[in-house]
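Protein chains in written order, with my numbering: chain A, 1 to 175; chain B, 176 to 350.
Glycine included, C-beta positions come from ideal geometry on N, C-alpha and C.
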């Protein structure tokens, strides 16, 4: 849709369209509704990022926790959101060997145990090798560093989801 | 469930059970997960309230916006969450005359236009007369006062929803 149409949406339509640009956190879209009219898709993204940055730390952790494991239980059961399903497929996670799935799930479990939130990475900008590598190296980081890194990935995921929704001729598709 | 069982829940179960204690804002439950083990249901409520109070103002507005209108379009279409359905019924909103429905919807629309968020009141503690009266008087308040009032009602709604879920012998059921 064109940004002008976004600005004309009523609240319910806005949430229907943008409610999942931050996975399972429609409160983020609900919060930035006050900033309409938006100049362009970048401004929508900027307001969401600003809101996320101003959350108490527990809220940023909550955002990470709202994300599914990559190649995890929900993926196996076909219970991912449409957005996550597409993104995990784009990373090649739909074609893993049983051994690779077991390896990722084991590392995800370790990561989650260590940090209290799941490993989050922008799957559309990382193929499965990069994801495995990320799990291996990021698990050595401090909790603070991983909270910041995970949230940075959430913002990239959000931007790509926004570009899927809003027309963006002339706007950088890479952050 | 007993609070001990709550403390033993894995994250997915916790969100399934508590995700809607703040209407459509599972981020609130996701955020307070870090405070386990909880002593009792009151502590769950206190942590959620603290999280809500620490949100940027846009976030508190977003919480109000995530609530449905009383006797509104979604109620008419049967599209409310189970919790809202029960609460609106408890207030007697299931037995309104067409004239009463029209009156409430008109006042809801005025309120929403004036404040940018819907009129929120704890329906289980207010019968339809009190709700109509509330709409009439609260619409005269300042936006700041109504944001605060609406959030105070959200906290009451949340507490009653928590009491529906968690065993609470010996704990005040009124805030």
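Same chain only: Cβ atoms within 6 Å of residue i, ignoring 5 sequence neighbours per side
i: residue 194 of chain B; result: 201, 204
i: residue 297 of chain B; result: 328, 331, 332
i: residue 347 of chain B; result: none
i: residue 150 of chain A; result: 64, 120
i: residue 264 of chain B; result: none
i: residue 87 of chain A; result: 123, 124
i: residue 100 of chain A; result: none
i: residue 206 of chain B; result: 226
i: residue 47 of chain A; result: 32, 35
i: residue 230 of chain B; result: none
CB contact check: residue i to chain A, cutoff 8 Å
i: residue 341 of chain B; result: no
i: residue 226 of chain B; result: yes
i: residue 231 of chain B; result: yes
i: residue 188 of chain B; result: no
i: residue 348 of chain B; result: no
i: residue 240 of chain B; result: yes
i: residue 202 of chain B; result: yes
i: residue 253 of chain B; result: no
i: residue 291 of chain B; result: yes
Option nearest residue i by Cα separation, candidates the options
i: residue 260 of chain B; options: B/198, B/191, B/224, B/226; result: B/198
i: residue 74 of chain A; options: A/59, A/164, A/94; result: A/94
i: residue 72 of chain A; options: A/45, A/168, A/52, A/120; result: A/120
i: residue 116 of chain A; options: A/100, A/144, A/96; result: A/144
i: residue 334 of chain B; options: B/301, B/317, B/255, B/224; result: B/224
i: residue 287 of chain B; options: B/257, B/254, B/321, B/227; result: B/321
i: residue 76 of chain A; options: A/165, A/97, A/148; result: A/97
i: residue 83 of chain A; options: A/114, A/8, A/124; result: A/124
i: residue 305 of chain B; options: B/267, B/345, B/323; result: B/267
i: residue 182 of chain B; options: B/349, B/211, B/344, B/236; result: B/211
i: residue 148 of chain A; options: A/100, A/52, A/170, A/103; result: A/52
Residue-chain proximity (residue i, chain B), Cβ-Cβ < 8 Å
i: residue 24 of chain A; result: yes
i: residue 32 of chain A; result: yes
i: residue 61 of chain A; result: yes
i: residue 72 of chain A; result: no
Contacts around residue i, its chain only, beta-carbon distance under 8 Å, and the 5 residues preceding and following it disregarded
i: residue 107 of chain A; result: 119, 132, 135, 136, 139
i: residue 176 of chain B; result: 192, 340, 341, 342
i: residue 302 of chain B; result: 266, 267
i: residue 232 of chain B; result: 322
i: residue 103 of chain A; result: 132
i: residue 175 of chain A; result: 155, 156, 159
i: residue 141 of chain A; result: 149
i: residue 9 of chain A; result: 17
7 Å Cβ shell around residue i - same chain, five flanking residues per side excluded
i: residue 33 of chain A; result: 11, 14
i: residue 45 of chain A; result: 158, 159, 162
i: residue 256 of chain B; result: 195, 198
i: residue 114 of chain A; result: 139
i: residue 235 of chain B; result: 227, 322, 326
i: residue 110 of chain A; result: 139
Terminal residues of the alpha helix (DSSP H) in which residue i lies
i: residue 283 of chain B; result: 273-290
i: residue 45 of chain A; result: 41-54
i: residue 195 of chain A; result: Outside the shown range of chain A (1 to 175) lies residue 195 of chain A, about which nothing can therefore be said.
i: residue 161 of chain A; result: 143-165
i: residue 120 of chain A; result: No alpha helix (DSSP H) holds residue 120 of chain A; DSSP gives it neither H nor E.
i: residue 202 of chain B; result: 201-207
i: residue 3 of chain A; result: 3-8
i: residue 311 of chain B; result: 303-313
i: residue 190 of chain B; result: 186-193
i: residue 238 of chain B; result: 232-240
i: residue 73 of chain A; result: 73-76
Does the stretch 66-85 of chain A come close enough to the stretch 29-44 of chain A that 3 or more CB-CB pairs lie under 8 Å?
no
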